[in-house]
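Visitor: Pasting a structure here, questions to come.
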């Protein structure tokens, strides 16, 4: 039985809210599974394209755009945070390698005069 646009969009909003909670907890292991579920819901909505006007009304009624914007904002923040951490790790690793190799370099002034 085919679901109507309201049911599909309600599931979509609930899934997006779950994604927001996952992002707030930084539980990235379960994020990919939720994103796949959300994509499946979107695919179902797209295949139900004969009711676009109804879907648009329900989308606006449920205020889904605000929920999506919040999820997008959180994803950007988490992405930037992770990129910054990775950059810091890279800088620390480079510095550690440079300090570690100082002791292994050739001794120019080790000859007695």
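Numbering (our numbering), first residue to last: 20 to 132.
All C-beta atoms, glycine included, are put in the ideal place defined by N, C-alpha and C.
(1) How long is the line joining the alpha carbons of residue 44 and residue 97, rounded to whole angstroms?
(2) Please identify the residue among 56, 66, 23 and 49 whose C-alpha is closest to the C-alpha of residue 33.
(3) Threshold first: 4 residues or longer. Then list the alpha helix (DSSP H) segments lying entirely within the region 40-77, N to C.
(4) Just confirm the distance between the C-beta atoms of residue 54 and residue 38, as a whole number of angstroms; I'd bet it's less than 8 Å.
(5) Quick one: what's got a C-beta closer than 6 Å to residue 50's C-beta in the same chain, skipping five residues either side?
(6) With a CB to CB cut of under 7 Å and the five nearest residues on each side skipped, what residues in its chain are close to residue 70?
(7) Going by DSSP in three states, residue 22 sits in which element: helix, strand or coil?
(8) Alpha carbon to alpha carbon, how far is residue 47 from residue 86? Give it in angstroms, no decimals.
(9) According to the Cβ coordinates, are residue 28 and residue 99 closer than 7 Å?
Guide: Walking through what the data contain:
(1) 11 Å
(2) 56
(3) 50-66
(4) 7 Å
(5) 41
(6) 24
(7) coil
(8) 19 Å
(9) no
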